[in-house]
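Trainee: So the protein lines, in turn, are chains A and B. Numbers in this note's numbering are just positions in the first sequence, counted from 1, shifted up by 327. Numbers in this note's numbering are just positions in the second sequence, counted from 1, shifted up by 12. For every residue, glycine included, the Cβ atom is placed at its ideal position computed from N, Cα and C.
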Amino acid sequence: MATLQNSYQPEYFSVVHPLDDVPEPKCSSEGLGHIAMTPAVRISLMVLRGYLIAMSLMLGYHVLDLAGAFHGLK
Amino acid sequence: MNRIDSTFDPVMAPRAVARENAIVVRRRWQRSLLTFLMVFGPGLIVMEADNDAGAVSTYIQAGGQYGLHLLWTLIVLLPICYFVQEMVARLGIATGKGHAAMIYERFGQWWGRFSLIDLLFVNFLTLITEFAAISLALSAMGVSPFISVPAAALGLTLMVVTGSYLRWERIVILLCLLDLTWFGLVWTMHPDWSGMARSSAIPTMPPGGITSSLIFLIIAIVGTTIAPWQLFFQQSCVAEKRLRFSDLKWARLDTLIGAVFTVLVAGAMMLVGDSGFRHRIVFEDPAQLALALGPVAGKFVRNGVLLLMVNAAVLGTTAISLASAWAYGEVKGWEHSLHKKLWEAPGFYATYIACVGAAAAFVLIPHVPLQLVIISVQVFAGLILPSAIIFLQLLLNDRDLLGDRWVNRPWNNITNWTIIVILFALSLLLAAQVMLPKLFSR
Chain A
328 MATLQNSYQP EYFSVVHPLD DVPEPKCSSE GLGHIAMTPA VRISLMVLRG YLIAMSLMLG
388 YHVLDLAGAF HGLK
Chain B
13 MNRIDSTFDP VMAPRAVARE NAIVVRRRWQ RSLLTFLMVF GPGLIVMEAD NDAGAVSTYI
73 QAGGQYGLHL LWTLIVLLPI CYFVQEMVAR LGIATGKGHA AMIYERFGQW WGRFSLIDLL
133 FVNFLTLITE FAAISLALSA MGVSPFISVP AAALGLTLMV VTGSYLRWER IVILLCLLDL
193 TWFGLVWTMH PDWSGMARSS AIPTMPPGGI TSSLIFLIIA IVGTTIAPWQ LFFQQSCVAE
253 KRLRFSDLKW ARLDTLIGAV FTVLVAGAMM LVGDSGFRHR IVFEDPAQLA LALGPVAGKF
313 VRNGVLLLMV NAAVLGTTAI SLASAWAYGE VKGWEHSLHK KLWEAPGFYA TYIACVGAAA
373 AFVLIPHVPL QLVIISVQVF AGLILPSAII FLQLLLNDRD LLGDRWVNRP WNNITNWTII
433 VILFALSLLL AAQVMLPKLF SR
């Protein structure tokens, strides 16, 4: 008589909430210092500075205009 | 080189504790579903909190002025929202730190201070508009601002001081889901469904053609859909929730669901505004529209719009105040976690409470210049959004920090630089319109 073998082996998966899990190593900037000044970084920061200067000039003009500094010129 | 945090000791890590808290399931799909539910939260919250009081006002105004004609803008904004916030989630998971801390560490003190001060300032001004909306909506329901505003401030404080991130997250997800009521409001107002589908898919010209008011309303929609605090908030929130590398795909799904839900809710707000357009109701704010719609559409619509306006302001306030408190705490090196009790992270909680309390108090000052506050929000948001997004893009190309696994792929960079150029141009245009209105009236 043939023997019936139970080959079913149930799989189990455990799920752990991130807050309950073991902390994992993250990418750290320790000891790296500032970001490397590649051309992309340099150009981006230059454009950003230009943008901020343009915005500041606009804001300054608006404040002076509201204060009536240009009334005599119009 | 991808550097690993030197304080981590995998041998000593308490794996047994993690196993004790594990839930065992028998099926792969059960594992996937459960893991997703555990990760779910930051993406939905950051997106839905962006539908704050200012957004309600902008979307309803868009519907009220142009009917269904601007619905397509939301469809265009959906992938933009997702791409930007996906980068934030990826950076948060990879580094376990907030955006403000990363700017300080990689770009130095000058850029760090600039970003932080601008963020805190624009967030504070935005909070004032949130409390102004609470005051406005509840005044329309007969509640004095001297009761509604302090009560809201107290409730918002109690939400966070429980010492449990998960409790705060569950409350806020519930508030997000309350926004489903917008769909109920739309249903009762019998919108033009086929026109809605058409306007969502194909941009159509509103009567009157392209005017400066139309262009700036479109810019305002973009500005309100992608706000600077969102970048700081989601990265800190992901770090706070300690999401793991393996959670990234679920964090992406969370962000996508949040983006889709937010755009749908924003569309519903536009449709509510459209009902005002169809009934030829002239209004300046959503509360006026709600009161005017009352006799036409019933009490459900009137009270619904007013209460949802309050809900939007509450969601916006808690997320924006937390973005400020997390950013300030990270930079100062304080304990900055909702897991901590009030006395364990006093600086972090003091920042949150100060933001909420000061904004609430400001609104109660008689004859407060709210218009000036709203204009200032637009100007300072125009300063912080392009800079924060540039830093985000540069950080996600920082191979020294992230290694090859987490940096942007070429298609990411093409998409993101395109988004950045568009946001720069729109921010500059909006700021120019606000500060130099005479340029555009000619």
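Using the DSSP secondary-structure output, state which residues sit across from residue 341 of chain A in a beta bridge.
Mentor: B/36
Trainee: So residue 100 of chain B packs on residue 246 of chain B, CB below 8 Å; how close in whole Å?
Mentor: 5 Å
Trainee: Give me the Cα-Cα distance between residue 71 of chain B and residue 120 of chain B, rounded to the nearest whole angstrom.
Mentor: Their backbone Cα atoms lie some 38 Å apart in a straight line.
Trainee: Tell me the rounded alpha-carbon separation between residue 362 of chain B and residue 242 of chain B.
Mentor: Those two C-alpha atoms are separated by around 21 Å.
Trainee: Hey, residue 334 of chain B and residue 51 of chain B: beta-carbon distance below 8 Å or not?
Mentor: In this structure, residue 51 of chain B does not lie closer than 8 Å to residue 334 of chain B by Cβ.
Trainee: If the criterion is Cβ atoms closer than 8 Å, does the pair residue 65 of chain B and residue 165 of chain B meet it?
Mentor: no
Trainee: So residue 277 of chain B packs on residue 191 of chain B, CB below 8 Å; how close in whole Å?
Mentor: The C-beta separation of residue 277 of chain B from residue 191 of chain B comes to about 5 Å, placing the pair in contact by the 8 Å criterion.
Trainee: Below 7 Å CB to CB, which residues in the same chain sit around residue 472 of chain B once its five sequence neighbours on both sides are set aside?
Mentor: Here chain B has residues from 13 to 454 only, and residue 472 of chain B is not among them.
Trainee: Check whether the stretch 255-270 of chain B touches the stretch 167-180 of chain B, counting contact only when three or more Cβ pairs, one atom from each stretch, lie closer than 8 Å.
Mentor: no
Trainee: Counting C-beta neighbours from all protein chains within 10 Å, is the total for residue 454 of chain B 16 or more, i.e. buried, or is it exposed?
Mentor: A caution first: residue 454 of chain B carries a pLDDT of 48, below 50, which makes its placement in the model unreliable, though a value can still be read off. Taking all protein chains in view, the Cβ of residue 454 of chain B is surrounded by fewer than 16 other Cβ atoms within 10 Å, so the residue is classified as exposed.
Trainee: Kindly give me the distance between the Cβ atoms of residue 348 of chain B and residue 355 of chain B, rounded to whole angstroms, as I take these residues to be in contact under 8 Å.
Mentor: Their Cβ separation, rounded to whole angstroms, is 14 Å, which puts residue 348 of chain B and residue 355 of chain B out of contact at 8 Å.
Trainee: So which residues of chain B does residue 340 of chain A contact, with C-beta pairs closer than 8 Å?
Mentor: 36, 37, 38, 39, 40, 42 and 43
Trainee: With a cut-off of 8 Å on the beta carbons, I'd call residue 283 of chain B and residue 198 of chain B a contact; round off their distance for me.
Mentor: 5 Å
Trainee: Kindly give me the distance between the Cβ atoms of residue 477 of chain B and residue 397 of chain B, rounded to whole angstroms, as I take these residues to be in contact under 8 Å.
Mentor: Residue 477 of chain B is absent from the structure shown; chain B starts at 13 and stops at 454.
Trainee: Could you tell me which whole alpha helix (DSSP H) segments of length 4 or greater appear in the stretch 274-314 of chain B?
Mentor: Taking only runs of at least 4 residues, the alpha helix (DSSP H) segments lying wholly in the stretch 274-314 of chain B are 298-309.
Trainee: Determine the burial state of residue 244 of chain B: buried for a count of at least 16 other Cβ atoms within 10 Å of its Cβ, exposed for fewer.
Mentor: buried
Trainee: Which chain B residues sit within Cβ distance under 9 Å of residue 361 of chain A?
Mentor: 117, 118, 119 and 120
Trainee: Whose CA, out of B/46, B/55, B/92 and B/176, lies closest to the CA of residue 269 of chain B?
Mentor: B/55
Trainee: Using the beta-carbon of each residue, which ones in chain A are nearer than 7 Å to residue 33 of chain B?
Mentor: Close partners of residue 33 of chain B in chain A (Cβ separation under 7 Å): 343, 344 and 347.
Trainee: Determine, for residue 398 of chain A, whether the minimum Cβ-Cβ distance to residues of chain B falls below 8 Å.
Mentor: no
Trainee: Reducing DSSP to helix, strand and coil, say where residue 182 of chain B ends up.
Mentor: helix
Trainee: Using a C-beta cutoff of 8 Å, does residue 402 of chain B count as contacting chain A?
Mentor: yes
Trainee: Would you report the Cα separation of residue 345 of chain A and residue 331 of chain B, rounded to the nearest angstrom?
Mentor: 21 Å
Trainee: What's the call for residue 416 of chain B, buried or exposed, on a 16-neighbour Cβ count within 10 Å?
Mentor: exposed
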